[in-house]
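To start, the structure under review is shown below, and the notes come after it.
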């Protein structure tokens, strides 16, 4: 299975709560550009999407969804993928989903530090990478061992 781990786009610094921080115009553009780039990298559709309930992650999904081949019924708002979600539990959930639904490609739209921890937990001996806003890492995961290999990592700054 391939897991695409994406950090949300650039967000405003202040809001009534962390969950309510909105994307900036730049954040929307970053996310859109990354989705266009990603659509050219994929050989097929994305089977399942997990999106954080935080506003900036929801807005990132709204910015990218029209560029990607995803069945709208295969999108889940996941309360466990907020900034301080537990990586091991999220990985177990994704592995179980993939096995149950025969998923080949999963997109996760979440936050620092979780995106870095997830990447490092799947890829042995990897220090949690720093994700700039709208960055995406692709990890090929062996569902039998729950170990992965980092295939690539792309940021909007390198497009």
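In my numbering, the protein residues as written are 318 to 476. Cβ coordinates follow ideal geometry from the N, Cα and C atoms, glycine included.
Proximal residues to residue 459 (C-beta, below 8 Å), its chain only, five neighbours per side dropped = For this step, residue 459 is matched to residue 142 along the chain shown. Correct list, in chain order: 465.
Does the count of Cβ pairs from the segment 414-423 and the segment 365-372 closer than 8 Å reach three?
-> yes
For residue 447 and residue 434, the rounded distance between their alpha carbons | By one-based count along the chain shown, residue 434 stands at place 117. By one-based count along the chain shown, residue 447 stands at place 130. Straight-line Cα distance between these residues: approximately 10 Å.
Which residues mark the beginning and the end of the alpha helix (DSSP H) in which residue 453 is found?
-> In the chain shown, the residue the question calls residue 453 occupies position 136. Looking at the DSSP string, residue 453 is not in any alpha helix (DSSP H); the run it does join, the beta strand (DSSP E), is 453-459.
Are residue 427 and residue 338 touching if we call contact CB-CB under 8 Å?
-> Locating residue 427 in the chain shown gives position 110, counting from the first residue. Locating residue 338 in the chain shown gives position 21, counting from the first residue. Not a contact, by the Cβ cut-off of 8 Å.
Entirely within the segment 399-475 and at least 4 residues each: give me those alpha helix (DSSP H) ranges in chain order.
-> You should have 404-418, 431-439.
With DSSP as the reference, please indicate the residues paired to residue 324 in a beta bridge.
-> Taking the first residue of the chain shown as 1, we reach residue 324 at position 7. Bridge partners of residue 324: 427.
Within 10 angstroms of its Cβ, does residue 342 collect 16 or more other Cβ (buried), or is it exposed?
-> The residue labelled residue 342 in the question sits at position 25 within the chain shown. The residue is exposed, with fewer than 16 neighbouring Cβ atoms inside 10 Å.
Cα separation between residue 328 and residue 370?
-> As a working mapping, residue 328 is identified with position 11 in the chain shown. As a working mapping, residue 370 is identified with position 53 in the chain shown. Going from the Cα of residue 328 to the Cα of residue 370 covers about 15 Å.
Own chain residues within Cβ distance below 6 Å of residue 332, not counting five before or after = One-based indexing of the chain shown puts residue 332 at position 15. The residues are 338.
Look up residue 340 in the DSSP assignment and give the residues it is bridged to.
-> As a working note, residue 340 is residue 23 in the chain shown. According to DSSP, which records beta bridges pairwise, residue 340 is partnered with 328.
CB of residue 412 within 8 Å of CB of residue 452, strictly | By 1-based counting over the chain shown, the position of residue 412 is 95. By 1-based counting over the chain shown, the position of residue 452 is 135. No. Outside cutoff.
From the DSSP output, which residues share a beta bridge with residue 393?
-> For the purposes of this step, residue 393 is taken as residue 76 along the chain shown, with counting starting at 1. For residue 393, the beta-bridge partners assigned by DSSP are 367.
Out of 387, 415, 404, which has the shortest C-alpha to C-alpha gap to residue 429?
-> Here residue 429 refers to the residue found at position 112 of the chain shown. When only C-alpha atoms are compared, the closest one is 404.
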